[in-house]
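Everything on this sheet refers to the single structure shown next.
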Amino acid sequence: MRHQMLCPPAATALRFELEQGESITCEVGAMIAMTSGLTVETTSKSRGGSGGIIKELKRMFSGENFFLNHFTAQLPDQSLLIGPTLLGDCVHHSMRGGTMIVQGSSWLASTPGIEIDTTWQGFSSALFSGESMFWVKCSGGGELYLSSYGAIHSLEIDGDYTIDTGHIVAFEDTLKFNIGKASRSLIGSFLGGEGLVCKFHGQGKLYYQSHTLPSLGALLGPKLKAK
Amino acid sequence: MVMPASRESFQGGVFHASIPGGRSGATLTIARGELIADTISEPSIRFSIPLNQCQIDLGGASNRMVFCRTAEGDLTIFCEEKNFAKELDFQSGGMLAGPLKELKKGLAADANRFRFWLTVSAVACALLLFLGYFGVLWTAKIAIRALPVSVDEKIGSMAFSGMEMGRKLEANHPASRLVQEIVDKLKPHASIPDLKFKVTVVEDADINAFALPGGQIVVFTGLIKEAKSAEQIAGVLAHEMSHATLRHGIERVSQSLGIVAAIQIMVGDVGGLVALGAQVAQTSILTSYSRAAETEADLEGARMLNAAKIDPKAMADFFAMLKEKMGDLPDAMAWISTHPQHETRVQSIQDHQKKLPVVQYEPLQLDLKAAQDAL
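Residue numbers (our numbering), protein chains in the order written: chain A, 53 to 279; chain B, -12 to 362.
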């Protein structure tokens, strides 16, 4: 299976070229176009993975859909075009074991070797990280495709690194983060416009987004006329 | 000392620059004093770190992941499995027990600190809510007292029109005229000079009279029938007029104020307050002035009577008469039943009378008998 990013990073769409028998699992509603040799199967669990109603319900809490769409090529040389709901970037991450922790709604697609579950990152992260309460946990081996509003950048962290709240797209489970103040004093942190930040520690890969939707909303909201 | 090979293998991972992408999942074993990682990638690559060179760290998203690094930091093997730390400790012959224990202690301290701050924040939130709630109520009460008397009048007339009462006597009925004349005599001595007192006599056998906010006063025919003198009626009227001038009605409204109404008032919604007031006035004003308010109305009433050259003793006499006539049967005497402990009240009126300026009392030139006969 090959993939190609179209028009990154502002209005990214993903094109997959699938050989006969290959399949990919996508977020519900992500499909833009496809060739006729592909079949779509909608289930509530990842392909080949374990299911269970609790797992599906948990996935809904993280901001993802209860259902997943599995696209399988029945004929050779099939192509599938998918895109995220919001304007923005997509990235490809190859997984060889281990776990990737993804912000709710950023998971776009993955190959069947990847198990999708939901995880909880503690109270402080749930309340102050600017992300949803629950995170999507992708583990196993395969190709993972993430999307986000704005452009996505990646970083190999070895030690400490700070990211503003609301900018995390995904991080490897070998990293941990705490919520902290941007500067030494709490007042200074807020005066500087940074407020609380996510402080990462450890070794691993981090994906972060250049823009966040809530900041756009905060800018536009007051200018909108009441209905 | 050579330790036996690890009995089990663990699922973990490796960080090393030679692996494409820098990281791979791996199967871990501990054997002959070494931590061995075989990557799951094809072809599998083997990495190992001698246990005595292992730099231990705890972390990861779960905070339970054990990392083992070489001193140079170029190779890291990690695992999140439950028994991994125990096995590592056992296989190292206790070499790693110290650092592992220290790390766990640090984690526990972090968790405790978090729990401490969570408790502090919860208490602070509860305190803020508590203070906010009572702060709003208190401010609204102050705001209500600052409202003009016209608000009292609105509440009073709304409550009055919504009340179910017996037949109202005509204004030229002898009983209505008698009551009106007494009110006219007392009016100049009211503490709010421009309050518009309006009296209505209602056909009802109960010995009762009440005042609504704004000066609306209702007297039942039962009370007029039982009075022994016009002065006694004047005593009751002075008491009821005092409730109006002391604005007890609006005080009652502010006491029964809910948080929603309090916020309404603070944002300037007086219309909402009037509606609420009318409701409160209808349901509870007649039976639930506080004892302090009653005593206040007694003393203010005595002052008004004294100023109008009517002996305040008549008020006390009326209570005493009712007590004697009816005993302690509150159902039969609606008016007295809402005014408990009248013996104390008689005493306090008499005590208060001594403090008032000495005046020459003049008997009321009113024909009570004729009014009673007309009923």
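For each residue, glycine too, the CB sits at the ideal point set by N, CA and C. The structure displayed is predicted, hence computed values, not measured ones.
### Task
Would you kindly report the start and end of the unbroken alpha helix (DSSP H) that includes E89(B)?
The residue you call residue 89(B) lines up with position 102 of the second sequence. It spans 84 to 132 - the alpha helix (DSSP H) in which E89(B) sits, taken as one unbroken run.
### Task
Give a yes or no on whether the minimum CB-CB distance between I27(B) and chain A is below 8 Å.
Position 40 of the second sequence, counted from the start, is the residue given in the question as residue 27(B). For I27(B), the answer is yes, since a Cβ of chain A falls inside 8 Å of its Cβ.
### Message
Using CA atoms only, rank isn't needed, just tell me which of L258(A), S131(A), T94(A), S200(A) is closest to C142(A).
### Response
Residue 142(A) sits at position 90 when you count from the first residue of the first sequence. The shortest C-alpha separation from C142(A) is found at S200(A).
### Query
If L120(A) and V80(A) are in contact, beta carbons under 8 Å, what's the gap, nearest whole angstrom?
What you label residue 120(A) is simply residue 68 of the first sequence in a count that begins at 1. What you label residue 80(A) is simply residue 28 of the first sequence in a count that begins at 1. Correct: roughly 7 Å between the Cβ atoms.
### Query
If you draw a straight line from the C-alpha of N230(A) to the C-alpha of Q155(A), how long is it?
What you label residue 230(A) is simply residue 178 of the first sequence in a count that begins at 1. What you label residue 155(A) is simply residue 103 of the first sequence in a count that begins at 1. In a straight line, the C-alpha of N230(A) is about 15 Å away from that of Q155(A).
### Query
Taking any Cβ of chain B, which residues in the stretch 210 to 238 of chain A have a Cβ under 9 Å from it, in chain order?
D210, F223, E224, D225, T226, L227, K228, F229, N230
### Task
Give me the Cα-Cα distance between A319(B) and C112(B), rounded to the nearest whole angstrom.
Within the second sequence, numbered from 1, the residue matching residue 319(B) stands at position 332. Within the second sequence, numbered from 1, the residue matching residue 112(B) stands at position 125. Residue confidence is low: A319(B) scores 44 on pLDDT, short of 50, so the model does not pin down where it sits. Its coordinate-derived value is still stated next. Spanning the two alpha carbons is a distance of roughly 52 Å.
### Task
Tell me whether the beta-carbon of L173(B) lies closer than 8 Å to the beta-carbon of M308(B).
Locating residue 173(B) in the second sequence gives position 186, counting from the first residue. Locating residue 308(B) in the second sequence gives position 321, counting from the first residue. Not closer than 8 Å, so no.
### Task
Spatial neighbours of L196(A) within its chain, please: CB distance less than 7 Å, with the 5 preceding and 5 following residues excluded, ordered by chain position.
Counting from 1 along the first sequence, the entry for residue 196(A) is found at position 144. So the list reads H145, M147, M152, S162, I166, C190, once near-sequence residues are dropped.
### Message
Check for me: the beta strand (DSSP E) holding K277(A) runs from which residue to which?
### Response
Start at 1 with the first residue of the first sequence, and residue 277(A) comes out as number 225. Here K277(A) belongs to no beta strand (DSSP E), and DSSP marks it neither H nor E.
### Message
For G366(B) and S28(B), I'd like the C-alpha separation in whole angstroms.
### Response
Limits of chain B in this structure are -12 at one end and 362 at the other, which puts residue 366(B) out of reach.
### Message
Rounded to whole angstroms, what is the Cα-Cα separation between E236(B) and S277(B)?
### Response
Sequence index remark: in the second sequence, residue 236(B) carries index 249 (1-based). Sequence index remark: in the second sequence, residue 277(B) carries index 290 (1-based). Note that residue 236(B) is Gly in the sequence shown here, rather than Glu. Their backbone Cα atoms lie some 11 Å apart in a straight line.
### Query
Can you list, in chain order, the residues of the stretch 27 to 49 of chain B whose Cβ is nearer than 9 Å to any Cβ on chain A?
I27, S28, D44, G46, G47, A48, S49
### Message
At the 8 Å Cβ level, is S241(B) part of the contact set with chain A, yes or no?
### Response
Start at 1 with the first residue of the second sequence, and residue 241(B) comes out as number 254. It does not; no Cβ of chain A falls within 8 Å.
### Message
Need the endpoints of the beta strand (DSSP E) that M145(B) sits in, please.
### Response
By one-based count along the second sequence, residue 145(B) stands at place 158. Here M145(B) belongs to no beta strand (DSSP E); instead the alpha helix (DSSP H) covers 136 to 148.
### Query
Between A222(A), A63(A), G211(A), M83(A), which lies nearest to F186(A) when the distance is taken from Cα to Cα?
The residue given as residue 186(A) occupies position 134 in the first sequence. Per the Cα distances, A222(A).
### Beta-ladder partner(s) of Y213(A), from DSSP
Here residue 213(A) refers to the residue found at position 161 of the first sequence. In the DSSP output, where bridge partners are listed per residue, Y213(A) has F252(A).
### Task
Mind checking the stretch 57 to 81 of chain B against chain A and listing, in chain order, the residues whose C-beta falls within less than 7 Å of any C-beta there?
T63, F65
### Message
Give me, in chain order, the residues of the same chain whose beta-carbon lies closer than 6 Å to that of A321(B); leave out the 5 immediate sequence neighbours on both sides.
### Response
Start at 1 with the first residue of the second sequence, and residue 321(B) comes out as number 334. Confidence at A321(B) is low in this model, with a pLDDT of 48, below 50, so its placement is unreliable and the value that follows should be read with caution. Same-chain partners within the cutoff: D193, N195.
### Task
Measure from the C-beta of I13(B) to each C-beta in chain A and report whether the shortest distance is under 8 Å.
What you label residue 13(B) is simply residue 26 of the second sequence in a count that begins at 1. In the sequence under discussion, the amino acid at residue 13(B) is Ala, which differs from the Ile named in the question. Chain A contact via Cβ: present.
### Spatial neighbours of E68(B) in its chain, beta-carbon cut-off 8 Å, leaving aside the 5 residues before and after
Within the second sequence, the letter at position 81 stands for residue 68(B). Cβ within range, chain order: F(-3), Q(-2), G(-1).
### Message
So S158(A) contacts chain B; which residues on that side make the cut at Cβ distance below 9 Å?
### Response
Within the first sequence, numbered from 1, the residue matching residue 158(A) stands at position 106. None at all; the shortest Cβ gap to chain B is about 16 Å.
#### Entry: Reduced DSSP category for A234(A) - H, G, I as helix; E, B as strand; rest coil
By one-based count along the first sequence, residue 234(A) stands at place 182. Of the three classes helix, strand and coil, the one that applies to A234(A) here is coil, per DSSP.
### Task
Leaving aside the five residues before and after L248(A) along the sequence, list all residues of the same chain whose C-beta is less than 6 Å from its C-beta, in chain order.
Start at 1 with the first residue of the first sequence, and residue 248(A) comes out as number 196. If we look at L248(A) and ignore the five residues flanking it on each side, its Cβ neighbours are F180, T217, I231.
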